[in-house]
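Each remark here refers to the structure printed beneath this line.
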Amino acid sequence: MNFDWLAGEVDDIGNFFAWHVALSVIPVLVALVLAVPIGWLVKQSGFLRPALLGTVGLLYTIPSLALFVLLPLVLGTQILDPLNVVVALTVYTLALLVRTVCDGLEAVSSDVLQAANAMGYRRIARFFRVELPLAVPVIGAGLRVAVVSNVSIVSIAALIGTPQLGSLFTEGLELHFLTPIFTGIILCVALAVLLDSLVLIITRQLTGWQPRT
Amino acid sequence: MIVFKNVTKRYDNGTIAVDDLSLEAPKGRITIFVGPSGCGKTTSLRMINRLIAPTSGSILLDGQPTEAMNLAQLRRKIGYVIQHAGLFPHLNVVQNIATTARLKGIAKKQALLIASELLERVGLDLSFGNRYPWQLSGGQQQRVGVARALASDPEFMLMDEPFSAVDPVVRHQLQEEFLRLQRDIGKTIIMVTHDIDEALKLGDQVAVLRTGGVLAQVASPKELLSNPADSFVADFVGRDRGYRYLSFVDAASSLAVMIEPVVALGTEAAAARIVAKDQWILVVNAAAQPLGWVDLDRQSGPLRESDLNLSGTLASQDHSLRQVLDAALSAPSGRGVIVDAGRVLAGSVRLSDVVAAIQSAKAAGWGGRP
Amino acid sequence: MIPWFTDPQHWNGSDAIGLLIGQHLIYSAAALAIALLIGFPIGLYVGHTRRGVVIVAGTANALRSLPSLGLIVMLVILFGPVFKSDLAYLVPCLIVLVLLAVPPIMTNTYAGIAAVDPASVDAARGMGYSPLGVLLHVELPCALPLIFSGIRSAALQVISTATIAAYVSLGGLGRLIIDGLAQRDYYEMVAGAILVGLLTLAVDLAIALASRLALSRGLVR
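If you read the protein sequences in the order shown, they are chains X, L and E. Reading the first sequence from the start, the letters are residues 1 to 213 in UniProt numbering. Reading the second sequence from the start, the letters are residues 1 to 370 in UniProt numbering. Reading the third sequence from the start, the letters are residues 1 to 221 in UniProt numbering.
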C-alpha cells in the first residue's frame with residue numbers, strides 16, 4: 001500500500017465512496033417501494049403466479065454489463081449517465097424482491113389471516129397491520145442479499161465510465177498499481193458489511209415479536 | 001423373541017432416558033411400550049435396531065446379542081415403521097416398498113413383484129403402485145410404510161406410533177387391519193404408543209413405562225386393568241378401567257338372547273303394531289340385517305327409511321360384554337341388538353339382563369377371554 | 001441493428017461471433033466445473049453431518065460481498081509476473097468466476113440435504129442403509145431440485161461476469177462491449193449485450209430442461 005498516494009487521492013476516493021453508496025442504496029429503496037404492491041399482486045394472481053415469477057426471474061439473468069449498455073436505448077440517456085446504473089440495479093433488486101415479498105406474504109399463517117378477518121379487519125388494514133409486518137423477516141433476508149450484491153455490481157459500471165469505487169479498479173489496472181485496487185476492494189467489502197448490518201438492525205427493530213435465537 | 005437385559009440409556013448431560021429395563025417380547029406376539037412423554041419408550045424401541053446405542057445392558061434377538069451384530073445386517077432383519085411413515089418422496093409407492101427387499105439383496109424385478117403383492121395385502125389397490133407419496137393420504141402413506149417394512153419378510157417389526165398421525169376413523173380401520181394382518185404373518189412385534197386404548201386393543205403384552213425410563217408394569221391388557229401394580233399404572237390405565245375391563249369378558253356364555261320381532265320397510269304402522277313388543281319395532285332388510293328402530297307411537301302409514309332411528313349400536317354374539325352393554329345402552333328401545341358374524345339378526349338383550357350377566361361374571365371371578 | 005448482425009465481417013476472423021460465444025462458454029464451463037468439484041462435496045458433507053454450517057454460511061456471505069471486477073484486476077497484476085502468455089489473464093478470471101460460483105452450489109447443496117424430511121432419513125437408517133447409502137439413495141436424490149437451482153444461479157452469474165474477462169484482454173462476448181466502448185461503436189456494444197443476454201437465456205433454458213429430465217416426478221409437483 002502506498003499511503004502517500006492515498007493521502008493525495010483522499011478527496012477523489014471520498015467522492016467515489018459517496019457515489020457508490022448512492023448508486024447501491026437508491027435502487028434498493030425504489031425497488032422496495034415498487035416490490036411490495038407488485039409482490040402482493042403476484043401473490044393474488046393464482047394460476048398466473050408461476051408465469052409472473054418466471055418473467056420477473058428472467059430480468060435477474062440479464063448480465064449487468066449488458067443491461068448498462070442496453071438501457072440508454074430504452075431510456076434515451078447517454079451511455080455515461082449514472083441513471084442507467086440506477087435503473088439497472090433497480091431492475092435487479094426488483095426482480096429479487098418481488099419474489100421475496102410474495103414468499104414472505106405467503107409465509108403468513110392462514111390461521112392468523114382468518115383471525116384477522118374474523119376480527120373485522122378490512123383488506124387494506126389487514127395488509128398493512130397484519131400481513132406486511134409478519135412478512136418482514138423474509139423480506140429483510142431478501143434485502144440483505146440485494147444490498148450486498150448491489151455493492152459488487154455497481155463497481156462493474158466503472159467499465160462504462162460511471163465514477164464510483166469501481167473506478168479505482170480501472171485506474172489501478174491502467175497504472176499497474178495495486179494501492180487503488182486494494183483500497184477499492186476494502187471499501188467495497190466494508191460498504192457491503194455496513195449496509196448488510198444496517199438492514200439486519202432495521203429488520204430486528206421491526207420484528208421484536210420474533211423469538212431471538 | 002426380543003429380550004432386554006438390564007438396558008440403560010444415559011445421555012452425556014446426565015439425563016437417564018431408560019433405566020435398567022429388563023423384559024421379554026415373546027415370539028409371534030405384539031408387545032406394546034406405553035407411557036407418558038419422556039418415559040423412554042421410543043428410546044427403548046430405537047435401541048433394538050441400534051439407532052440409539054444403549055449405555056449398558058444388552059438386547060438379544062433370538063438369543064443373539066445385538067451389539068455383536070453388523071449394524072446393517074441387524075437392521076435389515078427388523079422391519080421399521082414410524083409415525084409419519086417416512087416414505088422416500090422421490091420414489092413411487094412400489095419402488096418405496098421394494099427398497100427393503102432390494103437391501104436384502106433380492107433382484108430388482110423380484111423385489112418389485114413382492115412390492116406389488118404387498119400393496120394388496122395392506123389394503124391398497126394396485127393402481128396406487130405408480131403414485132408418489134405426496135399423492136397419498138396420511139392413512140395410505142402409513143399402509144405403504146407397513147408394506148415397506150414387510151417387503152424384506154423380517155422376523156421382527158418395530159413400530160413407533162404408527163397410527164397416531166391419522167384421524168380416529170382411519171386409525172380404527174388401520175388397527176383392525178393390522179390385527180388381521182398379524183394373525184396371518186405372526187411377526188414378533190414391538191410397538192410404541194402413548195395411547196393406552198390402542199395399547200390395550202392391540203397388545204398381547206403391554207409394558208407401561210413411567211417418566212425417567214422405569215418399567216412400571218408389564219402384563220397382559222386384562223391383567224393391567226384388573227390388577228394394576230401401583231397407583232401410577234392405575235391412573236395411566238384410566239378412570240373408566242372397570243368399564244373397559246368388560247372388553248375382555250366374553251358375552252356369549254352368560255347372556256340370554258331373546259327373540260326380537262321384526263318388520264320390513266314399507267310395512268304399515270298398524271300392521272307393525274300387531275307384532276311389536278312395545279312402541280319400538282326393529283326394521284330389517286331382506287337379508288335379515290337390522291336397519292334401525294321405529295317409534296310406532298309417532299308413526300302412521302308405511303315405514304320409510306327416513307323414519308328409522310339409527311342410534312343403536314350392534315353387538316356380535318361372540319363379542320365382549322362391553323359391546324353388548326353398549327348396544328343395550330344405546331338402543332332407543334332399551335334392547336341391545338345382537339347379530340352374527342354376517343350382521344344377520346340373532347336377537348336382542350335387555351339392559352337389565354346385561355347388568356345381571358356382568359354381576360354374575362364378576363361374582364365368578366370374571367370368566368371369558370384370556 | 002440488423003445490418004450489424006448480417007455483416008459477414010462480424011462472423012469471420014479473430015472477433016467472429018461464433019468464436020466469441022465459444023470462448024465465453026469455455027470460460028464459463030471451466031469455472032462451473034471447478035466450482036462443482038469444490039462446492040458440491042463440501043455441501044454434501046456439511047448437509048449430511050451438519051458440521052461446519054456456520055463456516056459455510058459465513059464463507060458464502062463473505063464471497064458474495066467481494067467485488068468481482070476489483071478481484072480480477074488485482075489478480076491480473078499479481079499474477080502478471082508469474083505466468084506467461086494469456087494464462088496471466090485466464091487464471092485470474094477463472095479464480096474469480098469459481099469464487100462466484102462456489103457459494104450458490106455449496107449452500108444449495110447443503111440446504112437441499114438439510115431440508116430432506118427427517119422421517120425419511122430415520123426410516124432409511126432404520127431399515128439398514130449404510131451412512132453412504134442414506135446419502136446416495138435418499139438424501140441426494142431428494143436434494144436434487146435445490147442443487148439444480150444452485151447450479152443454475154451459479155451458471156448465470158458466471159456467464160454474466162465472464163463478460164468482464166474482455167476488459168483484461170481475454171476473449172468472450174465482453175469483447176464486443178469493451179471494444180465497442182473504446183471505438184465509440186454503440187452498435188457493437190449493443191450487439192454484445194444482446195448476444196450475452198441470449199446466451200444466458202439459452203443456458204437457463206438448457207439447465208431447466210436438464211433438471212426437468214433428471215428430477216423424479218415425486219419431487220416436482
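For each residue, glycine too, the CB sits at the ideal point set by N, CA and C. In this text, all values refer to a predicted model and were calculated from it rather than measured experimentally.
{"Asked": "Say yes only if the C-beta of X/Pro133 is nearer than 7 angstroms to one or more non-hydrogen atoms of the ligand SAM, and no if none qualify.", "Found": "For the structure depicted, the ligand SAM is absent and the ligand set is empty, with no information on it obtainable."}
{"Asked": "Pairs of beta-carbons, one from the segment 27–40 of chain L and one from the segment 68–85 of chain L, closer than 8 angstroms: are there three or more?", "Found": "no"}
{"Asked": "Can you tell me whether X/Glu9 is helix, strand or coil according to DSSP?", "Found": "helix"}
{"Asked": "Inspect the beta-carbon positions of L/Lys9 and L/Val3 and report whether they are closer than 8 angstroms.", "Found": "no"}
{"Asked": "For L/Met191, is the classification buried or exposed, using 16 other Cβ atoms within 10 angstroms of its Cβ as the cut-off for buried?", "Found": "buried"}
{"Asked": "Under a three-way DSSP split, which group does L/Phe178 fall into?", "Found": "helix"}
{"Asked": "Decide if L/Asn96 is buried, meaning its Cβ has at least 16 other Cβ atoms within 10 Å, or exposed.", "Found": "buried"}
{"Asked": "Can you name the start and end residues of the alpha helix (DSSP H) that E/Gln157 belongs to?", "Found": "Leu140 to Ala162"}
{"Asked": "Quick check: the segment 91–100 of chain X against the segment 109–127 of chain X, are at least 3 beta-carbon pairs closer than 8 angstroms?", "Found": "no"}
{"Asked": "Which class does L/Leu124 belong to by DSSP, given the choice of helix, strand or coil?", "Found": "coil"}
{"Asked": "When DSSP labels each residue in this structure, what does L/Asp250 get in the three-state scheme?", "Found": "strand"}
{"Asked": "With distances taken from CA atoms, which of E/Ser14, E/Gly52, E/Pro67 and E/Leu19 is nearest X/Gly166?", "Found": "E/Pro67"}
{"Asked": "Going straight from the alpha carbon of X/Arg126 to that of X/Leu206, what length do you get?", "Found": "17 angstroms"}
{"Asked": "Is the segment 150–158 of chain X close to the segment 20–31 of chain X, with three or more CB pairs under 8 angstroms?", "Found": "yes"}
{"Asked": "Considering only the alpha carbon of each residue, which of L/Asp240, L/Pro290 and L/Lys108 lies closest to L/Pro261?", "Found": "L/Pro290"}
{"Asked": "Label L/Tyr11 either buried or exposed according to how many other C-beta atoms from any shown protein chain fall within 10 Å of its C-beta, with 16 as the threshold for buried.", "Found": "exposed"}
{"Asked": "For the alpha helix (DSSP H) containing E/Trp11, name the first residue and the last one.", "Found": "E/Trp11 -> no alpha helix (DSSP H), and no H or E assigned at all."}
{"Asked": "Look at X/Val199 and X/Arg144 and say whether their C-beta atoms are less than 8 angstroms apart.", "Found": "yes"}
{"Asked": "Cβ of E/Ala193 less than 8 angstroms from any chain X Cβ?", "Found": "yes"}
{"Asked": "Counting beta carbon pairs with one atom in the segment 165–177 of chain E and one in the segment 86–97 of chain E, are three or more of them shorter than 8 angstroms?", "Found": "yes"}
{"Asked": "If L/Arg322 sits next to L/Leu224, beta carbons under 8 angstroms apart, how far is it from one beta carbon to the other, in whole angstroms?", "Found": "Not really, about 15 angstroms apart at Cβ, beyond 8 angstroms."}
{"Asked": "At a Cβ threshold of 8 angstroms, is X/Thr61 touching chain E?", "Found": "yes"}
{"Asked": "When the cut-off is 8 angstroms and only beta carbons count, does E/Arg125 lie next to chain L?", "Found": "yes"}
{"Asked": "Could you spell out where the beta strand (DSSP E) holding L/Glu24 opens and where it closes?", "Found": "Ile16 to Ala25"}
{"Asked": "Check the Cβ of E/Val138 against every Cβ in chain L and list those closer than 7 angstroms, keeping chain order.", "Found": "Phe88"}
{"Asked": "Per the DSSP calculation, L/Met258 is bridged to which residue(s)?", "Found": "L/Ser348"}
{"Asked": "Would you say the segment 314–321 of chain L touches the segment 248–260 of chain L, given that touching needs at least three Cβ pairs under 8 angstroms?", "Found": "yes"}
{"Asked": "May I ask you to list, following chain order, the residues of the segment 55–79 of chain L that have a beta carbon less than 7 angstroms from some beta carbon of chain E?", "Found": "Ala72, Arg75 and Arg76"}
{"Asked": "Quick one: list the residues of chain E neighbouring X/Ser155, beta-carbon separation under 9 angstroms, in chain order.", "Found": "Pro67, Ser68, Leu69 and Gly70"}
{"Asked": "Beta-carbon separation of L/Lys5 and L/Leu45 under 8 angstroms?", "Found": "no"}
{"Asked": "What does the alpha-carbon distance come out to for the pair L/Arg75 and E/Ala57?", "Found": "35 angstroms"}
{"Asked": "Can you give me, in chain order, the residues of the segment 8–25 of chain X that have a beta carbon less than 9 angstroms from any beta carbon in chain E?", "Found": "none"}
{"Asked": "How is the beta strand (DSSP E) around L/Arg10 delimited, first residue to last?", "Found": "Ile2 to Arg10"}
{"Asked": "Is it buried or exposed, L/Arg369, if we count other Cβ atoms within 10 angstroms and call 16 or more buried?", "Found": "Legend: pLDDT at L/Arg369 = 42, less than 50; position of this residue unreliable, no value from coordinates given."}
{"Asked": "Use the C-beta contact count for residue 222 of chain E: other C-beta atoms within 10 angstroms, 16 or more gives buried, fewer gives exposed.", "Found": "This structure cannot settle anything about residue 222 of chain E, because the visible part of chain E is limited to 1 through 221."}
{"Asked": "For the pair the segment 192–210 of chain L and the segment 153–168 of chain L, tell me if three or more CB-CB distances fall below 8 angstroms.", "Found": "yes"}
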